[in-house]
Amino acid sequence: MVFAYGGAMIFPELAAEMRRPRDFIKGMALAQIVIFVLYLVYGCVIYGLQGQYTLALAYQGVSKYSWQTVSNVIALITELLQTSTGLSQARFSMFRLPKG
9 MVFAYGGAMI FPELAAEMRR PRDFIKGMAL AQIVIFVLYL VYGCVIYGLQ GQYTLALAYQ
69 GVSKYSWQTV SNVIALITEL LQTSTGLSQA RFSMFRLPKG
């Protein structure tokens, strides 16, 4: 759940680039509500299917090994994309530091 809010570090930049920065609050509130509802639905479905023995990585509780492997590959690709995005954000913010 902690990593779900990893994009929060770019919120000020997004708001600054908007034509009407005050609309950012409405957009962020709507996004948070959607994210919360999706997490809640996903958690309820997984807990309903796997019960109290749900693993930390819910897709590891799937009985077929092939589905576990597919899920691991998708997770690996997602991690690589997140890492590259984080590196590009760091590179971008490095050039925006004030001089002085």
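Residue numbers for the sequence shown follow the numbering used here, so the first one is 9 and each next one is one higher. Ideal Cβ positions, reconstructed from N, Cα and C, are used throughout, including at glycine.
- A straight line joining the alpha-carbon of L22 with that of F32 spans about 8 Å.
- A distance below 6 Å between beta-carbons, with the five flanking residues on each side excluded, links Q58 to the following residues of its chain, in chain order: G69.
- If you ignore the 5 residues before and after T62, its C-beta comes within less than 7 Å of the C-beta of I54, Y55 and G69, all in its own chain and listed in chain order.
- Straight through space, the alpha carbons of I41 and Q76 are spaced by roughly 30 Å.
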